[in-house]
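When we follow this note's numbering, the leftmost residue of the sequence shown carries the number 391, and every step to the right adds one.
Note sheet for the following structure.
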Amino acid sequence: MSLPLLPGRTCGGCVECCRVIPLDLPELAKPTGQLCAYCVNDAGCSVHEVRPQTCRIWFCLWRAVELSDDWRPDRSGVIVRPDGVEDGVITLYVVRPSDFLGSMDFFATVAGWIAEGVEVALSIPGPVGTYPARAVVTGWLRPAVEDADPADFLARTLRALDRLGEHDFQPDGFETRYAVV
Ligand code: SF4
Ligand code: SF4
391 MSLPLLPGRT CGGCVECCRV IPLDLPELAK PTGQLCAYCV NDAGCSVHEV RPQTCRIWFC
451 LWRAVELSDD WRPDRSGVIV RPDGVEDGVI TLYVVRPSDF LGSMDFFATV AGWIAEGVEV
511 ALSIPGPVGT YPARAVVTGW LRPAVEDADP ADFLARTLRA LDRLGEHDFQ PDGFETRYAV
571 V
């Protein structure tokens, strides 16, 4: 999915998607959770000019939606996935627990989506080489939204993430392949 990007917004030092998004292409495959070897010194893509089409068109929603700078995935630990948005579902891929989940910024934004009727899903990565876990949590979070209760919202978010951590993570089976030329 390709979204119109916000002008002037760049990934900066973030390389999170080059690590945690499952990637199994003819020219590039790696275990999910392992940083792409083309990402040199965590500084960005060393094959930028010839990178796969998937890498050219995949951007998290932080690149496309007016979210604050604190939402940048390497700062927030949250990748807002673009897939599902057209169907009214926003998936928050929590790649690393952080204090951001307890911020008013996170609460106000996600509560606003739920209040507008958007479905919200939480997702977490499993061990390296496995697919992420994901669950729609709109109904679970809604009471905290309706009560305008950030503390309860955080507690429910953390509880949902704990439950996802109990998931039976399935191997992705991706064989490492670095053949971008
Ligand atoms: S997760 Fe988003 S901000 Fe980070 S590198 Fe990927 S597209 Fe850029
Ligand atoms: S080829 Fe470049 S853009 Fe694609 S995953 Fe690797 S480092 Fe990231």
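We put the beta carbon where it would ideally sit given N, CA and C, even for glycine.
Residue i beta carbon near ligand 2 (any heavy atom closer than 7 Å)
i, result
"Tyr521", "no"
"Pro442", "yes"
"Cys450", "no"
"Val475", "no"
"Val518", "no"
"Tyr483", "no"
Buried versus exposed call for residue i [16 or more other C-beta atoms within 10 Å across all chains shown]
i, result
"Arg409", "buried"
"Gly402", "exposed"
"Gly507", "exposed"
"Arg453", "buried"
"Thr422", "buried"
Chain-order list of residues whose beta-carbon lies under 8 Å from that of residue i (same chain, five-residue window excluded)
i, result
"Leu457", "Leu451, Val470, Thr499"
"Ile504", "Val510, Thr528, Leu531, Arg532, Val535"
"Leu425", "Val405, Cys408, Arg409, Asp432"
Same chain only: Cβ atoms within 7 Å of residue i, ignoring 5 sequence neighbours per side
i, result
"Ser488", "Ser466, Gly467"
"Val406", "Residue 406 is actually Glu in this sequence, not Val. For Glu406, where only same-chain residues beyond five positions count, the Cβ hits under 7 Å are Pro463, Asp464, Ile469, Val485."
"Ile514", "Val484, Pro522, Ala523, Leu551, Leu554, Gly555"
"Pro561", "Gly519, Thr520"
Contact test: residue i Cβ vs ligand 1 heavy atom, cutoff 7 Å
i, result
"Arg549", "no"
"Val405", "yes"
Residues near residue i in its chain [Cβ-Cβ closer than 6 Å; skip 5 each side]
i, result
"Tyr568", "Ala427"
task = May I have a chain-ordered list of the alpha helix (DSSP H) segments no shorter than 4 residues that lie completely inside the region 469–524?
result = With a minimum length of 4 residues, the continuous alpha helix (DSSP H) runs that stay inside the region 469–524 are 494–505.
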